[in-house]
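Numbering-wise, numbering that gives the first Met the number 0 puts 409 at position 410 of the sequence shown, and it's gapless, one number per residue. Note sheet for the following structure.
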Amino acid sequence: MTCRQRRGDTGVAHSDLPDVLIIILDAARAENFSLYGYGQNTTPHLSRYADRLAVYRHGISAAMWTLPSTTGLFTGLYPSEHRLVIDGDRLSPAYRTLPEVMKAAGYATAKVTGQVPYVSDFSGLHRGFDHEYEPPPNLTQRLWRSYKRRKTAAAGADRQEGLDLGLDLAAEARMHANGGRKRRLQYWMTGYFDSGAKSCFAETQRLFGQTDPKSGRPLFCYMHLQETHAEYRPPHRYRTCFVPQELRSRNFATINQRPNPHDVGAVTMTEDEYRILTGLYDGCIAYLDEQIGRLLDQLAAQDPERFENMFVLIAADHGDCIGRHGILGHQFVCYDELIHIPWIVKWPASVGITGAVDGLVQNVDVMPTLTELLDLPPVADQGREACSFLGSPTRDLAYSEMLKPFGASAVKQGLHEKAPQYRRAVLSVRSRTHKLLVYSNEQPSEFYNVANDPHETVNLLDSALGGGLVEQATAADCEAFMALKAAAEARKARWLEAAQEVDNRVFHGEAVEIDPEVEQRLRALGYID
Numbered sequence: 000m001t002c003r004q005r006r007g008d009t010g011v012a013h014s015d016l017p018d019v020l021i022i023i024l025d026a027a028r029a030e031n032f033s034l035y036g037y038g039q040n041t042t043p044h045l046s047r048y049a050d051r052l053a054v055y056r057h058g059i060s061a062a063m064w065t066l067p068s069t070t071g072l073f074t075g076l077y078p079s080e081h082r083l084v085i086d087g088d089r090l091s092p093a094y095r096t097l098p099e100v101m102k103a104a105g106y107a108t109a110k111v112t113g114q115v116p117y118v119s120d121f122s123g124l125h126r127g128f129d130h131e132y133e134p135p136p137n138l139t140q141r142l143w144r145s146y147k148r149r150k151t152a153a154a155g156a157d158r159q160e161g162l163d164l165g166l167d168l169a170a171e172a173r174m175h176a177n178g179g180r181k182r183r184l185q186y187w188m189t190g191y192f193d194s195g196a197k198s199c200f201a202e203t204q205r206l207f208g209q210t211d212p213k214s215g216r217p218l219f220c221y222m223h224l225q226e227t228h229a230e231y232r233p234p235h236r237y238r239t240c241f242v243p244q245e246l247r248s249r250n251f252a253t254i255n256q257r258p259n260p261h262d263v264g265a266v267t268m269t270e271d272e273y274r275i276l277t278g279l280y281d282g283c284i285a286y287l288d289e290q291i292g293r294l295l296d297q298l299a300a301q302d303p304e305r306f307e308n309m310f311v312l313i314a315a316d317h318g319d320c321i322g323r324h325g326i327l328g329h330q331f332v333c334y335d336e337l338i339h340i341p342w343i344v345k346w347p348a349s350v351g352i353t354g355a356v357d358g359l360v361q362n363v364d365v366m367p368t369l370t371e372l373l374d375l376p377p378v379a380d381q382g383r384e385a386c387s388f389l390g391s392p393t394r395d396l397a398y399s400e401m402l403k404p405f406g407a408s409a410v411k412q413g414l415h416e417k418a419p420q421y422r423r424a425v426l427s428v429r430s431r432t433h434k435l436l437v438y439s440n441e442q443p444s445e446f447y448n449v450a451n452d453p454h455e456t457v458n459l460l461d462s463a464l465g466g467g468l469v470e471q472a473t474a475a476d477c478e479a480f481m482a483l484k485a486a487a488e489a490r491k492a493r494w495l496e497a498a499q500e501v502d503n504r505v506f507h508g509e510a511v512e513i514d515p516e517v518e519q520r521l522r523a524l525g526y527i528d
């Protein structure tokens, strides 16, 4: 059983519908938020609002990268249900999106995003938005794109494909190691420009100034911000403050931040380099924390009563590995550094939920939560495994699915041949204290006590014992393992069928045509090399 039965009515009166603001920080893992106990003070501005916030300790993403994760938030469906897992996939018209539901309920709907190609007509996730805003490329991005176009043209047609796809992983790694003048200049200039967050927050404040729930049309605003996505380039004031003192003299521009060369072994990195990247990542989180704090301050000052009645969700679509478990970015695995995400809610004052909340929540739970909060009818035949977290969370288990280890461009590069061990799907079944990882190939399952071993370093399953528990496993471990194993078995057929269908499409299906501009943005984010 995924959800327990809820009792009582904790929604709001239909005549007093609150504004709804969802802020997604791309690739921001929970463990690097000081609000979650991190040793660095990365979220001081959110901490200022701690007495008004509910901090959910176990936010778990349904997927470990943006497209399937965000689709889950918008539909209440897991990847094996919605099947948006390959670049170019579009949402079936049979499914309603959260913006469509909110619009039908009388909301003005707005999408304010940074350079996020997935939340657009590219995927169909734009459906239901009245207003869409995306900041124009900043000066650094325009100059870099111009340079790349000139470089590609100068190389000649015979190398066009190789340059576009980044086939020479070793050469790409050398580019990072050498830290050429153009790259150093690019890295320095990014300290003066973000990836659109400042412009996005200004637009969101403007939208709230133009709408009024008292007029009968409250605002639903979805924000998706890229500053925490690699490459990590925080503004200059945050660039070194979280990097260990003894490493601040390093030329950060020379450190590899491209996942594919790292993950297939074309480039090796040192622990010091991972520490530097973590410091830069922390700086990116701190910068967005500053921007979020400023927006909350402005909204509270603009109309205190309206702000008190507002629903605000601050979360992430997934995390990042930054070297842990042998992975640099967010691919191939479902360890907690990828799926344990911040989940921070400012509820309407009438709901009155604040402080640390110990239950499990997932991004697929947003739609049923909002329909319950707003006293709207549930979306029929959609999101049956999603659970409302209004009141106290009722979810017993959280599921995460990785269906596509390699995309079409990666296959064209031959990455699946360089790292054949990753050609498999992953299913994660997690409780608050334990976690089971199941693979679609012959790779042995893994079982962790994440309460005692949050970095998942001690696998409690012994493959030499035929998958039995190791000697040091406790009775509680044994009980948890049996429950998670049963849940995985119940889900296995659908997950395996979806994984096989995706594998067939990637390796044997027709290539999906992607708009060149979207392809360029995906490449800039590292989704295409």
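Just so it is clear, CB atoms sit at the ideal spot from N, CA and C, and this is done for glycine as well. Just so it is clear, the structure is predicted and the values come from calculations on it, not from any experiment.
Local Cβ density within 10 Å of H433, reported as buried at 16 or more and exposed below that: Working through the sequence shown from its first residue, we reach residue 433 at position 434. H433 counts as buried, since at least 16 other C-beta atoms from the protein chains shown sit within 10 angstroms of its C-beta.
Contact the segment 73 to 92 vs the segment 390 to 397: 3+ CB pairs below 8 Å: Touching, no, given that fewer than three Cβ pairs across the two stretches are closer than 8 Å.
Which value, in whole angstroms, describes the spacing of the CA atoms of P243 and I254? For the purposes of this step, residue 243 is identified with residue 244 of the sequence shown, where counting begins at 1. For the purposes of this step, residue 254 is identified with residue 255 of the sequence shown, where counting begins at 1. Those two C-alpha atoms are separated by around 15 Å.
From which residue to which residue does the beta strand (DSSP E) around Q547 run? Examination of residue 547 is not possible in this model, given that the chain is present from 0 through 528 alone.
Does F32 come out as helix, strand or coil in the three-state DSSP assignment? The sequence position of residue 32 within the sequence shown is 33, counting from 1. Coil, per DSSP.
Reference I340; option with closest CA among T69, H44, G208: The residue you call residue 340 lines up with position 341 of the sequence shown. Selected option, being the one with the closest Cα: T69.
Name the residue from S91, N137, R149, G105 whose alpha carbon lies nearest to the alpha carbon of H125. Working through the sequence shown from its first residue, we reach residue 125 at position 126. Ranking the options by Cα distance to H125, first place goes to S91.
Mapping the DSSP letters down to three states, classify Y438 as helix, strand or coil. Translated into positions along the sequence shown, residue 438 becomes position 439. DSSP places Y438 in strand when its eight states are reduced to three.
From G354 to M63, what does the alpha carbon distance come to, in whole angstroms? Counted from its first residue, the sequence shown places residue 354 at position 355. Counted from its first residue, the sequence shown places residue 63 at position 64. When only Cα atoms are considered, G354 and M63 end up about 27 Å apart.
Rounded C-alpha distance that separates H13 from P134: Numbered from 1 along the sequence shown, position 14 holds the residue referred to as residue 13. Numbered from 1 along the sequence shown, position 135 holds the residue referred to as residue 134. Legend: pLDDT at H13 = 48, less than 50; position of this residue unreliable, value from coordinates given subsequently. Those two C-alpha atoms are separated by around 34 Å.
Three or more C-beta pairs under 8 Å: does that hold for the segment 393 to 412 against the segment 426 to 443? These segments touch.
Top-ranked residue by Cα proximity to Y186, from F207, C199, P233: Position 187 of the sequence shown, counting from 1, holds the residue named residue 186. For Y186, the nearest C-alpha among the options comes from P233.
In the DSSP assignment, find the unbroken alpha helix (DSSP H) run with T277 in it and report its ends. Translated into positions along the sequence shown, residue 277 becomes position 278. Taken as a continuous stretch (DSSP letters only), the alpha helix (DSSP H) holding T277 covers 270 to 301.
Three-state secondary structure (DSSP) at E500? Along the sequence shown, read from residue 1 onward, the residue named residue 500 stands at position 501. Of the three classes helix, strand and coil, the one that applies to E500 here is helix, per DSSP.
So what's C2 in DSSP terms, helix, strand or just coil? Position 3 of the sequence shown, counted from the first residue, corresponds to residue 2. In the structure shown, C2 falls within a strand segment according to DSSP collapsed to helix, strand and coil.
Residues near K102 in its chain [Cβ-Cβ closer than 6 Å; skip 5 each side]: The residue given as residue 102 occupies position 103 in the sequence shown. Excluding sequence neighbours, K102 sits near T108, G127.
Could you have a look at C199 and say whether DSSP puts it in helix, strand or coil? For the purposes of this step, residue 199 is taken as residue 200 along the sequence shown, with counting starting at 1. In the structure shown, C199 sits in a helix (DSSP, three-state: H, G or I).
From which residue to which residue does the beta strand (DSSP E) around M401 run? Here residue 401 is taken as the residue at index 402 of the sequence shown, counted from 1. Its beta strand (DSSP E) spans residues 397 to 401.
Roughly how many angstroms separate the alpha carbons of S462 and Y421, rounded to a whole number? Numbered from 1 along the sequence shown, position 463 holds the residue referred to as residue 462. Numbered from 1 along the sequence shown, position 422 holds the residue referred to as residue 421. Taking the straight line joining both Cα atoms gives about 19 Å.
In this structure, does DSSP put G123 in helix, strand or coil? Your numbering for residue 123 matches position 124 in the sequence shown. Annotated three-state conformation of G123 is coil, per DSSP.
Whole-angstrom distance between Y280 and W342, CA atom to CA atom: What you label residue 342 is simply residue 343 of the sequence shown in a count that begins at 1. What you label residue 280 is simply residue 281 of the sequence shown in a count that begins at 1. Roughly 18 Å separates the two Cα atoms.
If you scan the segment 369 to 417 from start to end, which runs of the alpha helix (DSSP H) of 4 or more residues do you find wholly inside it? Complete alpha helix (DSSP H) runs here, min 4: 407 to 412, 414 to 417.
Contact between the segment 49 to 66 and the segment 356 to 376: three or more CB pairs below 8 Å? They touch, by the three-pair rule.
Does the beta-carbon of V311, which I'm using as the reference point, lie nearer than 7 Å to any heavy atom of the ligand PLP? In terms of ligand content, the structure shown is empty, and the ligand PLP therefore cannot be addressed.
Suppose only complete runs of 3+ residues qualify. What are the beta strand (DSSP E) ranges in the segment 45 to 76, listed by chain order? You should have 53 to 59.
Could you tell me which of C220, Y106, C199, Q381 sits nearest to D213, measuring between CA atoms? As a position in the sequence shown, residue 213 is number 214, starting the count at 1. One detail in the question is off: residue 213 reads as Lys in this sequence, not Asp. Shortest Cα-Cα distance from K213 to any of C220, Y106, C199, Q381 involves Y106.
Give the single residue among L184, M188, Y77, T210 whose Cα lies nearest to the Cα of R490. On the sequence shown, residue 490 is found 491 positions in, with the first residue counted as 1. Here the closest residue by C-alpha is Y77.
So, at 7 Å on beta carbons, what are the nonlocal neighbours of E459 in its own chain, with the 5 sequence-adjacent residues on each side left out? Numbered from its first residue, the sequence shown carries residue 459 at position 460. Here residue 459 turns out to be Leu, not Glu, going by the sequence shown. Only F446, Y447, N448, L468, V469, A472, D476 meet the Cβ criterion.
Can you tell me whether R529 is buried or exposed, with buried defined as 16 or more other CB within 10 angstroms of its CB? Coverage of the chain is limited to positions 0 through 528, which leaves residue 529 absent and any answer about it impossible.
If I measure Cβ to Cβ from G601 and keep anything under 7 Å in the same chain, skipping five residues before and after, which residues do I get? This structure gives no information on residue 601, because the portion of the chain shown stretches from 0 to 528.
What's the call for P376, buried or exposed, on a 16-neighbour Cβ count within 10 Å? Counting from one through the sequence shown, the residue named residue 376 turns up at place 377. Under a 10 Å Cβ-count criterion, P376 is classified as exposed, with fewer than 16 other Cβ atoms of the shown protein chains found around its own Cβ.
Taking the C-alpha atoms as reference points, what is the distance between G286 and V344? Here the question's residue 286 lines up with position 287 in the sequence shown. Here the question's residue 344 lines up with position 345 in the sequence shown. According to the sequence displayed, residue 286 carries Tyr and not Gly. When rounded, the distance between both Cα atoms is 19 Å.
Who are the near neighbours of S33 in its chain, counting only those whose CB is closer than 8 Å to its CB and skipping five residues on each side? Here residue 33 is taken as the residue at index 34 of the sequence shown, counted from 1. For S33, same chain residues with a beta-carbon under 8 Å away, outside a window of 5 residues either side, are Q39, N40, T41, T42, P43, S46 in chain order.
Kindly indicate which three-state DSSP category A27 falls into: helix, strand or coil? Here the question's residue 27 lines up with position 28 in the sequence shown. Annotated three-state conformation of A27 is coil, per DSSP.
Under the three-state DSSP convention, the category D461 falls into: Here the question's residue 461 lines up with position 462 in the sequence shown. Three-state result, D461: strand.
In the DSSP assignment, the alpha helix (DSSP H) including M101 goes from what residue to what residue? The count along the sequence shown starts at 1 and reaches residue 101 at position 102. In the DSSP annotation of this structure, the continuous segment of the alpha helix (DSSP H) that includes M101 starts and ends at 97 to 103.
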